[in-house]
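Here is the structure we will look at, set down as structure tokens.
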Ligand code: TYD
């Protein structure tokens, strides 16, 4: 059964120098799945509401590559939310979890690593259908 307790913050390494910071992510090492796809959303109006869906089989790791935003997660029974504002700290979202992303700061970038290629059939976009599956 999907459970929000299986979603967690994963902290990446940070290599600092007087030239700035570098953080890296490696498939099946720092990301606990094989990364097949990376996407990012940007130019996001501060009042936008993104997400609003669950995935049947997809694992995702979500980072605030810049700026900040909230990610609310829901397994159909329990809910919690995370404030992401550090590019070193990503939120792992396991399959079957409803997510909503909002409260975007100006200039924020949502960077997502995903375990599968894009497949619209993997989405559950209707909250009632999501609740009925739980
Ligand atoms: P969606 O996953 O709903 O975005 P968000 O969760 O950030 O609100 O995707 C928005 C649109 O982009 C939707 O029409 C599907 C399309 N899309 C792709 O074509 N490929 C992708 O890898 C992703 C993530 C979305």
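Numbering (this note's numbering), first residue to last: 310 to 443. Every residue, glycine too, gets a C-beta built ideally from N, C-alpha and C. Nothing here was measured: the structure is a model prediction, and the numbers come from that model.
- Query: Anyone know if the C-beta pair for residue 407 and residue 427 falls short of 8 Å?
  - Reply: Reading the chain shown from its first residue, position 98 is the one you call residue 407. Reading the chain shown from its first residue, position 118 is the one you call residue 427. For residue 407 and residue 427, no; Cβs fall outside 8 Å.
- Item | Cβ-based neighbour list, residue 350, same chain, cut-off 6 Å, excluding 5 preceding and 5 following | Start at 1 with the first residue of the chain shown, and residue 350 comes out as number 41. Once the five neighbours on either side are set aside, the close Cβ partners of residue 350 are 419.
- Ranges of the beta strand (DSSP E) found wholly within the region 359-430, counting only runs of at least 3: 359-364, 369-375, 378-383, 388-393, 398-402, 407-411 and 418-423
- Message: Using CA atoms only, rank isn't needed, just tell me which of 372, 337 and 315 is closest to residue 417.
- Response: Stepping through the chain shown from its first residue, residue 417 is reached at position 108. Of 372, 337 and 315, the residue nearest in Cα terms is 372.
- Skipping 5 residues on each side, what residues in its chain have a beta carbon closer than 6 Å to that of residue 422? In the chain shown, residue 422 corresponds to position 113, counting from 1. 340, 344, 347 and 370.
- Message: So, under 8 Å CB-CB, residue 411 and residue 357 are touching, yes? Tell me the CB distance rounded to an integer number of Å.
- Response: What you label residue 411 is simply residue 102 of the chain shown in a count that begins at 1. What you label residue 357 is simply residue 48 of the chain shown in a count that begins at 1. About 7 Å separates the two Cβ atoms, so the contact holds.
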